[in-house]
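Here the sequence shown is numbered in this note's numbering, starting from 169 and rising by one per residue. Okay, structure first, notes after.
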Amino acid sequence: MRRALKALILTAAIALVAAPMPARAEGFVTPWVGANWGSDISNGRAALGVNAGGMGAGIIGGEVDFGYSPSFFGTKNDFGNNSVIDLMGNVIIGVPIGSTRGAQVKPFVTGGVGLLRTQLDGGTLAHVSSSNNMFAWNAGAGVMGYFNEHVGLRGDLRYLRGFEDLSTGNTVIDLNGNNQLRFWRLSGGVVLR
């Protein structure tokens, strides 16, 4: 009898451990539009991109941020085709307010490191063609608000800065006496989880 009881307890323990558990990870994708300012660029330069990531138990996780900013340094007439692209790998920490499923509000902080790529292709003020890839970091905060289980809105304020000097070979672009590219970005978009 004891042997049968031990076998039953062992079988129950194995079944409990091996039973599929509901997933606690929360994946999301957010296409966004935004505006950049700072670094002596014209205020409100447009940007667009996408964030994609996941959060374990809806609290901590990681995300990839991709942003594209056409005409970042100024108009095409003055600077030619010019842009900044960022690709960052970030840690994201959020605090769900309300239910962990369905409608909720989630303030978050995020930060990480990655790549900033600048491109200049001539123009009347910038007679140079230059592209730079530089190691960079970013930090920010925002809020995600979900209407239901899968759809919501996300707003984000983020600071991006290169670790290296921006070497364009051009003295027209003065970054306030500092050659490190740095700027703020305010963005908003639809979040899908």
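Even for Gly, the Cβ is constructed at its ideal location relative to N, Cα and C.
Between residue 310 and the set 299, 354, 253, the nearest pair of CA atoms involves 354. Annotation: the continuous beta strand (DSSP E) that includes residue 286 extends over 272-289.
Boundaries of the beta strand (DSSP E) around residue 221: 213-224. In the DSSP assignment, residue 332 falls within the beta strand (DSSP E) that extends over 319-333.
For residue 249, the enclosing beta strand (DSSP E) starts and ends at 249-262. A residue is called buried when at least 16 other Cβ atoms come within 10 angstroms of its Cβ; residue 299 does not meet this threshold and is exposed.
Setting aside the 5 residues that flank it on each side, residue 204 is surrounded in the same chain by 213, 215, 237, 351, 353, each with a C-beta closer than 6 angstroms to its C-beta; the list follows chain order. Around the CB of residue 326, 16 or more other CB atoms lie within 10 Å, so the residue is classed as buried. In this structure, residue 194 sits near residue 361, with a CB-CB distance shorter than 7 angstroms.
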